[in-house]
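Novice: Take this structure, written in structure tokens, and hold onto it; I'll ask about it next.
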Amino acid sequence: MTTSTTVAPHSSAEADRPAGRDSPARQRTKRIDTLTATAFLTPAMIGFILFVIIPALGGLALSFFQWDLFSPPQFVGLDNIVRLFSDPDMWHSLGVTALFVIMGVIPTVVIGFLLAVLVNTRLRGVSVLRVFYFAPMIASAAVASVIWAALYDPRFGLVNQALGWISIDGPSWLSSTTWARPALVIMMIWGALPIVIILYLGGLQRVPDDIYAAASLDGAGGWRQLWSMTWPNVWPTTLLVTVLQAVGFVSGSFEVSLIMTNGGPLGTTQSLALYAYKVAFSDRDIGYASALSLFQLVLMGAIVLLVRALIRVRKAYFS
Amino acid sequence: MTSRTQRTRRRWGAALAVAAIIPLLAACGSNAPGTGSGAAGKVDGSTIVIQTVNSLQPQFQKYADAYMKTFPKRKVQVRASTDDGAKYAQQLATARIGGQLPDVFFNVDFLADTLAKANVPLDLAPGIKEGKLGSLRIKDFVAPFVGQYRPINNPSEVTGLPVSADSVGLFYNKTIFERYGVTEYPKASWTWDDMLRVAKEIQDKSGGKVYGLGSPLQDGSNQLVFGPVLRAFGAEVYNGKTGKSDIGSPDAIKAWKLLISAYGTSSNPYSSNPNDPALAFSAGNVAMGIGSRAAIPQTQTTLKDDWNVQSMPTINGKSTAGGGSYGLSISQTSKNQDAAWAFLKWFYSDSGMAVAQKVGGVIPPTNEGIDHGTWRNTNGLPPSNIGIFGHSARTAVLLTQLPGSSGSVLTQATVKATQEVVLQHVSVEKAFQEVQDTVNAQLAKDFKKK
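Those sequence lines, one after another, are chains A and B.
Note that the first sequence covers residues 13 to 331 in the working numbering.
Note that the second sequence covers residues 35 to 484 in the working numbering.
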């Protein structure tokens, strides 16, 4: 006797339905799901459209005008865009922004990773550290900038006092063309660490424990495991953190340099965002400021696209 | 529906959105500068809105309360906004676009011309002539202070009235002087050399624990100080007749060298933060500070040391006291212009000015108020020599109004030049010649736009 697998017969309704179409019940379920999703997404989408999309489009449109806020806007076509590329102050500010990114992103990623590994271990007293690494998230960037400006005060600030304990004569941080930028970068790294640590903690949870057990059996020490196993396994998190911090250092440098140094001394901390702000509100040239902001948006878009391309290359050649 | 179709539709949608905004903005062009579309409105039963800045909100609320107590059928709402001049101008512009301008608003000398060109404030001259301020006439106000509110292109108009005839004096901390054994207190006969010499003495004797003087130039932008000093040396920030600045001339260079010489020797080293609270006179870390009369109320509250004020030192026998004012304007689009006038009439009357002097330490901007006002009475609090501000109000060198964007260009250029000299040891001549060239180039552009 042979056995055979029989298929339950379809109902006549199912038999009559064209291939690829869902049953009415399934369609109704999908409709309900779609409506539910739309209902939950709508409030956020309204806010996103009102406060992000429309202003961005408005900014794009304004870049074709000359406007000082008081007189009527005058259409100038591509004049602002052309001016942008021949403006030495724009190139200088772009260079400063690039330096902020270069000086800030790599240390943020490396220090954030190491701190996350430390917090992830079961060492005595590490729970105390968990409280401190969240501290920068409590204060807004503006408040933190004011506090750090006081810390950097050459005479009364804690930083130079601490340096004095080890016989180092600290510089006039925020008034020095050499030290103003590093001073701001240190503060921005401090502010960025909490979110980096949290992201890395999430990434570290996904690394399986058994690979460490196997590595220990093979005689791999702590640093070897960190470099050869942990670091490669959190590569997706590293990529995410790098992109987020690159965007963060491009845009985040605005508040910090406005409050702490006002772009000085001698423009050494004048990022592109701050330059656009000054053009808008000190020079009252809204059209050109909009063009500058648009350029910054394009730059950030380019960073994101570059990273996506890198991911595709990695997947294509290494997976 | 294919994904290509979806992408195409999205692209067209975005393009349409941008295209829709452009004609909207162009339509703003049809919203020509305001041409007095306000209305008289009623007085009793009215509610007017007064807009001021954050730091003056408590005072203005008290003025409003006193007014409403006198006239119970009239309501006044006080709104406060940013102290930052650039942001304040932007908020007024936004309010104007949205038709939300207040009835009465805080105006200030360096913004007055810009706002007047944009037809934001009402020309008050005809109303004052008709008697809307009672018996007060324009000639009763101290002329230079009213002059700050005369548009450069239409000097016969008056678009604001000064609230206080503010000028600058030399604040000094007697406790610090005594602590370091310096008994040569500031005198009315002092010159700038005397001030810098004594400041250096205190700074040296303290071993740098205190600064002898808060840096006069601050970050390089303090026109309230450098303007009068330049004039004392025979130079001008802006010469209205020639339409140019000679801020880099040989006479001006002498002024800049004097001002910059203070950094690190008689005053604190250069700081790019002009609002560093540690360097404020009221913080008690500086022996002397150049400050405005308007800083007195806060200093009385904050500084517990024994302190006083003195006239600004002279250069070549000439006063170096700067002056300025903030003022009140009525917006052209106000629907309650009569009620707004009624408030101003009360504010500038004896009873209104009595409240302003008591609450805000205001020096009335009228000749009568300067000579006989109650602002001289400090109720036993320092400074005992407050009377110097009455004299300096009349001799003050007021902030120069520059057309268009030249004012902000000047500020940025002087900050940059100061930093170049102090931090990079560029010669004063080279740095400030560049300032002069930059400002004159911008002035030429601004005149061309007119």
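Cβ coordinates follow ideal geometry from the N, Cα and C atoms, glycine included.
From a predicted model like this one, the values you see are computed outputs, not experimental measurements.
Taking B/P303 as the reference, give the member of B/G254, B/A289, B/Q366, B/E270 with the closest Cα.
Specialist: Minimum Cα distance to B/P303 is reached at B/G254.
Novice: Which residue wins for smallest C-alpha separation from B/F139, given the options B/L362, B/P331, B/Q391?
Specialist: B/L362
Novice: Counting pairs of Cβ atoms below 8 Å between the segment 210-222 of chain B and the segment 231-244 of chain B, do you hit three or more?
Specialist: By the Cβ rule, the segment 210-222 of chain B counts as touching the segment 231-244 of chain B, because three or more pairs are nearer than 8 Å.
Novice: Quick one: does B/T148 have its CB under 8 Å from some CB of chain A?
Specialist: yes
Novice: Closer than 8 Å, CB to CB, is A/V316 near chain B or not?
Specialist: no
Novice: Along chain B, in chain order, which residues have C-beta atoms closer than 8 Å to that of A/N274?
Specialist: Within chain B, the residues near A/N274 are D253, S306, N307.
Novice: Measure the CB-CB distance between B/S190 and B/A159 and report whether it falls below 8 Å.
Specialist: yes
Novice: Tell me which residues share the same chain as B/L415 and place their Cβ nearer than 7 Å to its Cβ, disregarding the 5 neighbours each side in the sequence.
Specialist: Q334
Novice: Would you tell me roughly how many angstroms separate the C-alpha atoms of A/Q39 and A/A51, rounded to the nearest one?
Specialist: 18 Å
Novice: Residues in its own chain within less than 8 Å of A/L47 by CB, not counting five upstream and five downstream?
Specialist: none
Novice: Name, in chain order, the residues that DSSP records as bridge partners for A/V122.
Specialist: Assignment of beta-bridge partners to A/V122 by DSSP yields no partner.
Novice: Is it the case that the Cβ atoms of B/I186 and B/V473 are separated by a distance below 8 Å?
Specialist: Contact flag unset, no.
Novice: Less than 8 Å separating the beta-carbons of B/Q453 and A/G276?
Specialist: Yes. Within cutoff.
Novice: Candidates B/Q134, B/L195, B/V455, B/V112: which alpha carbon is nearest B/T367's?
Specialist: B/Q134
Novice: Within 8 Å of any Cβ in chain B, is that where the Cβ of A/R134 sits?
Specialist: At least 8 Å separates the CB of A/R134 from every CB of chain B.
Novice: To the nearest angstrom, report how far apart A/T189 and A/M272 are at their CA atoms.
Specialist: 14 Å
Novice: DSSP on A/A147, reduced to helix/strand/coil?
Specialist: helix
Novice: Decide if A/Y289 is buried, meaning its Cβ has at least 16 other Cβ atoms within 10 Å, or exposed.
Specialist: Answer is buried; the Cβ neighbour count reaches 16.
Novice: Quick one, which of B/R410, B/P220, B/D117 has its alpha-carbon nearest B/P331's?
Specialist: B/R410
Novice: Give every residue of the same chain whose Cβ lies closer than 6 Å to the Cβ of B/A129, excluding the five residues on either side of it in the sequence, and list them in chain order.
Specialist: L135
Novice: Report yes if the C-beta distance between A/A285 and A/Q308 is below 8 Å; otherwise report no.
Specialist: Contact: yes.
Novice: Would you kindly report the start and end of the unbroken beta strand (DSSP E) that includes B/Q344?
Specialist: 341-344
Novice: So is A/L278 in contact with chain B if we call contact Cβ pairs under 8 Å?
Specialist: yes
Novice: DSSP state of A/I180, grouped into three classes?
Specialist: coil
Novice: Should A/R95 be flagged as near chain B, meaning a C-beta pair shorter than 8 Å?
Specialist: no
Novice: Which residue comes first and which comes last in the beta strand (DSSP E) that contains B/R113?
Specialist: Residues 109-115.
Novice: Per DSSP, what kind of secondary structure is B/T400 in: helix, strand or coil?
Specialist: Looking at B/T400 - three-state DSSP - the assignment turns out to be strand.
Novice: Consider the Cβ of A/T189: report whether some Cβ of chain B lies at a distance smaller than 8 Å.
Specialist: Yes, its Cβ sits closer than 8 Å to a Cβ of chain B.
Novice: Can you say whether A/A244 is buried or exposed, counting buried as having 16 or more other CB atoms within 10 angstroms of its CB?
Specialist: The sequence shown places Pro at residue 244 of chain A, rather than the Ala named in the question. With fewer than 16 other Cβ atoms within 10 Å, it is exposed.
Novice: Compare the beta carbon distance of B/G248 and B/S301 with 8 Å and say whether it is the shorter of the two.
Specialist: yes
Novice: Based on Cα-Cα distance, which residue from A/S184, A/P148, A/S152, A/S179 lies nearest to A/D165?
Specialist: Of A/S184, A/P148, A/S152, A/S179, the residue nearest in Cα terms is A/S184.
Novice: Measure the Cβ-Cβ separation of B/K121 and A/F293 and say whether it is below 8 Å.
Specialist: yes
Novice: If you follow the beta strand (DSSP E) that B/G323 is in, where does it begin and where does it stop?
Specialist: Counting along the chain, the beta strand (DSSP E) containing B/G323 begins and ends at 320-326.
Novice: Buried or exposed: where does B/Q85 fall if 16 or more other Cβ atoms within 10 Å of its Cβ makes it buried?
Specialist: For B/Q85, the number of other beta carbons within 10 angstroms of its own is at least 16, and it is reported as buried.
Novice: Quick check on the DSSP output: what are the complete alpha helix (DSSP H) runs of length 4 or more inside the segment 225-284 of chain A, in order along the chain?
Specialist: Taking only runs of at least 4 residues, the alpha helix (DSSP H) segments lying wholly in the segment 225-284 of chain A are 234-237, 247-272.
Novice: Contact criterion: CB-CB distance below 8 Å. Does A/L81 meet it with respect to chain B?
Specialist: Yes, A/L81 lies at the interface with chain B (some Cβ there is under 8 Å from its Cβ).
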